[in-house]
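Contents: one structure, followed by commentary.
Number of protein chains: 2
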Amino acid sequence: MTFIQQLAAAWQKNNSLLCVGLDPDPAKFPVHLHNRDDAIFAFCADIVDATADLACAFKPQIAYFAARRAEDQLEALIAHIHEKHPGIPVILDAKRGDIGSTAEQYAIEAFERYKADAVTVNPYMGHDSVDPYLAYPDKGVILLCRTSNPGGSDLQFLEVGNSGGEKLYERVARLAAEKWNTTGQISLVVGATFPAEIARVRAIVGDMPLLVPGIGAQGGDIAATVEAGRTKNATGLMINSSRAILYAGKDESFAAAARQVAQETRDAINLYR
Amino acid sequence: MTFIQQLAAAWQKNNSLLCVGLDPDPAKFPVHLHNRDDAIFAFCADIVDATADLACAFKPQIAYFAARRAEDQLEALIAHIHEKHPGIPVILDAKRGDIGSTAEQYAIEAFERYKADAVTVNPYMGHDSVDPYLAYPDKGVILLCRTSNPGGSDLQFLEVGNSGGEKLYERVARLAAEKWNTTGQISLVVGATFPAEIARVRAIVGDMPLLVPGIGAQGGDIAATVEAGRTKNATGLMINSSRAILYAGKDESFAAAARQVAQETRDAINLYR
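Respectively, the protein sequence lines represent chains A and B.
Each residue of the first sequence is one higher than the last, beginning at 278 in the numbering used here.
Each residue of the second sequence is one higher than the last, beginning at 278 in the numbering used here.
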C-alpha cells in the first residue's frame, strides 16, 4: 500500500484528520522516565499506544533524536508503530533538501534505514532535489510550502515573476501540482496560522493531502483550518499537534492525559468537517 | 576563535581557498577498506591527513553518514580533524531548516554533538529558522543562496517583489547581509556553475565568505569562479571539491592520489587570485 493509500485508510478507520507529532524533549518528560536509557523511546511509544486509534498519522521530528544521539530509539519507535499499529503511516519530519546525489542518501536514510512511509522535504533547491525521494514509489514526499512560523513570510510570501501577484508559496504549490507530482506521491506543508493561504493552496492543488502544523501551541484555529483545507469528501488534511498532546500530563498518567487531548482535538476537528 | 577567524587564518596559513568535501560512498572505497567496520572513518581520516595542509576547511556531508547508521564515525572524524589539524574549521553540510524550537535541536546536533565549527542551513523558512544557530557566537552559519544544481533555478531564479528584477537568491543575499547577519556569523552558498551570479552576490554582501560547490564533477569553471567571487584581499571563498579529490585513486595509494588532486586544485585556484 502506498503512503497516500495508507493515509486515506487511516482517515476512514479512525475517523480522524489528526496527525500526532512526536517531538520528544526529555526535560519535559515525567519524572519516572528520567533515569531510563531508552526514555525517548519509552515516552513516545506510550504516547503512540495511547493515541493510535485517534490518529491518521504519526510524525516523529528527527531533530529531537539527533540532538541526543538517539537515532537507535527513533528506529525502534518507527518499528514499534509499524508492528503494533499497522496501517497508521509514519511521516519522518526531517525537512531534508540537497542536490540529487546527496538527496539519494537522505532518501536511503528516511525510507531504508528508518522505514518511514513519508518524509518532509524543503523545495528551495528545486525539482532535482525532490526526484530521488520519488524513486520509492510507495513512499510519500511532503514539501514545505507555507510554513507556520513568523519568518515564513520572509521568502514564501514574496510575489514572484510577472505573474499578477503570485506568491512564492503559491508557485511551490503550482510546481508541485502541475510539474513535480508525476507519480502522485507529493503532499504539501501549509501552516494553520494562515487559513486564507490554506484555501489558496487547496484551490491550486486539488485533492492533494496537506500536512498542517500550527494548531495548539502555535495558535492556529481549528475551525478556520478545516474549512479552508478540507476536500470535497471532508478529508485531505493531516492536522498536526505535538506539544499540546505530548505534554498534556506531567506524571505517570501522561499517556492517558495525552489520549484525552488527542481525542478532544480529533473531535474538535471533526466538528468542522 | 570564531569560525570566521579560523577560516581567515587557514586561508593564510595554507595559502588555500580549497574546501575538501567529505562525501564518503563506501561503494567507491578502495578494496582494502571494504571489510572494516570503521571504513567510513578510516577513508575520510586518511583523506583529511593527506590534504590538511592544502585546505581552508573540511566539509563532511552528513547524509552519507546518516544513510549508513554511521553517526559515531562522523563524530570520530570531526574529533580527529580538531585533534590532528587544529585551526582547520569543519563545516557540517546538513542544510537544516525548521522553526525555532526545532532549529534549536538541530543547532545542538551540529554544534554540541558533532562540534562542527559551522553548519549549512536552508533559508526557506526565514529569519527565525536561522536565529537559533546564531545563539552560538563562535560558530558559522552558511545559508543556501544560489545552488549549483539544475533545479536551483526553479525558485532561486524567480524575480521577486516589485523590485526591478531582483531574483530570489539576490533577496536571500540581501536579507542575509542587511538584516540577518547581526552577529557577523553568516556566510552563503553560491554554486560555481553560475559565475555571473557569484559576482552579483559578492556585490551585495561585501566581504562575507562564500562557500562555492560545483567545480570538478559538476563542471564549474575555476577561473570564472575566483574572478567573480574573490574579495579585495584575494580571499572570501571556500571553493569546495569532493568527488574529484576523494576518488582520485582506487587502491591503497588513494590518499596520495587525493593529495595530488587537492594540490593541483589549490594551485589552479591560486593562479586566478
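Each residue gets a CB set at the ideal place from its N, CA and C atoms; glycine is no exception.
Pick from the options that is closest to residue i, judged by C-alpha positions
{"i": "B/S378", "options": "B/T397, B/L354, B/S406, B/D370", "result": "B/S406"}
{"i": "A/S519", "options": "A/M278, A/K290, A/L295, A/D330", "result": "A/L295"}
{"i": "A/L490", "options": "A/G483, A/V466, A/E455, A/E386", "result": "Per the sequence shown, the amino acid found at residue 490 of chain A is Pro instead of Leu. The residue with the shortest Cα to Cα distance from A/P490 is A/V466."}
{"i": "B/Y446", "options": "B/A316, B/I499, B/A545, B/L420", "result": "B/L420"}
{"i": "B/R550", "options": "B/S530, B/H309, B/G526, B/L514", "result": "B/L514"}
{"i": "A/A501", "options": "A/L351, A/G468, A/S530, A/K509", "result": "A/G468"}
{"i": "B/M278", "options": "B/Y413, B/L452, B/P409", "result": "B/Y413"}
{"i": "A/I475", "options": "A/G438, A/I522, A/S425", "result": "A/S425"}
{"i": "A/A450", "options": "A/G428, A/I281, A/E541, A/L488", "result": "A/L488"}
{"i": "B/C333", "options": "B/L354, B/N292, B/Q433, B/K456", "result": "B/N292"}
{"i": "B/T512", "options": "B/G526, B/I546, B/I368", "result": "B/I546"}
{"i": "A/S430", "options": "B/G428, B/P427, B/G429, B/G438", "result": "B/G438"}
{"i": "A/A287", "options": "A/D323, A/F388, A/V367", "result": "A/V367"}
{"i": "B/E352", "options": "B/D315, B/D544, B/D330", "result": "B/D315"}
{"i": "B/G506", "options": "B/R479, B/D349, B/A525, B/K392", "result": "B/R479"}
{"i": "B/Q282", "options": "B/P486, B/K527, B/Q350", "result": "B/P486"}
{"i": "A/F471", "options": "A/N510, A/G441, A/P427, A/N458", "result": "A/P427"}
{"i": "A/L310", "options": "A/P337, A/A329, A/K527, A/G442", "result": "A/K527"}
{"i": "B/A371", "options": "A/L354, A/N399, A/P307", "result": "A/N399"}
{"i": "B/A355", "options": "B/D544, B/G298, B/W457", "result": "Note on identity: in this sequence residue 355 of chain B is Ile, with Ala being the wrong assignment. Taking only the C-alpha atoms, the option nearest B/I355 is B/G298."}
{"i": "B/V538", "options": "B/L284, B/R313, B/T328", "result": "B/T328"}
{"i": "B/D330", "options": "B/K290, B/A304, B/V308", "result": "B/K290"}
{"i": "B/E529", "options": "B/F306, B/Q382, B/K509", "result": "B/F306"}
{"i": "B/P337", "options": "B/D415, B/A393, B/T542", "result": "B/A393"}
{"i": "A/D408", "options": "A/K456, A/C422, A/G441", "result": "A/K456"}
{"i": "B/I516", "options": "B/D415, B/S464, B/N312, B/G442", "result": "B/S464"}
{"i": "B/R543", "options": "B/T460, B/Y524, B/P301, B/V503", "result": "B/V503"}
{"i": "B/Q382", "options": "A/Y524, A/D300, A/R477", "result": "A/D300"}
Chain B contact for residue i (CB, 9 Å cutoff)
{"i": "A/Q382", "result": "yes"}
{"i": "A/Q283", "result": "no"}
{"i": "A/L234", "result": "Shown here, chain A extends from 278 to 550; a query on residue 234 of chain A therefore has no answer."}
{"i": "A/S425", "result": "yes"}
{"i": "A/S430", "result": "yes"}
{"i": "A/I385", "result": "yes"}
{"i": "A/E541", "result": "no"}
Within 9 Å, strictly: CB atoms of residue i and residue j
{"i": "A/D326", "j": "A/H362", "result": "yes"}
{"i": "A/I365", "j": "A/F335", "result": "yes"}
{"i": "B/R390", "j": "A/A344", "result": "yes"}
{"i": "B/Q462", "j": "B/G403", "result": "no"}
{"i": "A/A384", "j": "A/Y410", "result": "yes"}
{"i": "B/I499", "j": "B/I492", "result": "yes"}
{"i": "A/K444", "j": "A/L452", "result": "no"}
{"i": "A/I522", "j": "A/A533", "result": "no"}
{"i": "A/G374", "j": "B/G483", "result": "no"}
{"i": "B/L369", "j": "B/A347", "result": "no"}
{"i": "A/F388", "j": "A/F531", "result": "no"}
{"i": "B/F342", "j": "B/I317", "result": "yes"}
Within-9 Å CB hit, residue i to chain A
{"i": "B/E447", "result": "no"}
{"i": "B/T379", "result": "yes"}
{"i": "B/K372", "result": "yes"}
{"i": "B/L369", "result": "no"}
{"i": "B/I376", "result": "yes"}
{"i": "B/G563", "result": "The requested residue 563 of chain B is not part of the displayed model; chain B covers only 278 to 550."}
{"i": "B/R390", "result": "yes"}
The ligand HEM heavy atom lying under 8 Å from the CB of residue i
{"i": "B/A545", "result": "Inclusion of the ligand HEM in the displayed structure is not the case, the ligand content being empty and no account of it being possible."}
- Identify each residue in the segment 395-422 of chain A for which the Cβ-Cβ distance to at least one residue of chain B is less than 7 Å, and report them in chain order. N399, P400, Y401, M402, G403, H404, D405, S406, L421
- Item | Contact list for the segment 449-474 of chain B against chain A, Cβ threshold 8 Å | V449, L452
- Message: Against chain A, which members of the segment 329-350 of chain B pass a CB distance test of less than 7 Å?
- Response: Q338, A340, Y341, A343, A344, R346, E348
- Under 8 Å (Cβ pairs) to chain B, residues found in the segment 283-316 of chain A: D300
- Message: Which runs of the alpha helix (DSSP H) at least 4 residues long sit entirely within the segment 375-427 of chain B? Give them in chain order.
- Response: 377-384, 408-411
- Residues of the segment 493-521 of chain A with Cβ closer than 7 Å to any Cβ of chain B, in chain order: none
- Task: Can you check the segment 460-509 of chain A for any beta strand (DSSP E) of at least 3 residues that lies completely inside it and give the ranges in chain order?
- Result: 463-467, 487-489
- Item | Length at least 3, wholly inside the segment 326-385 of chain A: the beta strand (DSSP E) runs in chain order | 334-337, 368-373
- Task: Any chance you could list the beta strand (DSSP E) runs of at least 3 consecutive residues sitting entirely within the segment 279-314 of chain A, in chain order?
- Result: 295-299
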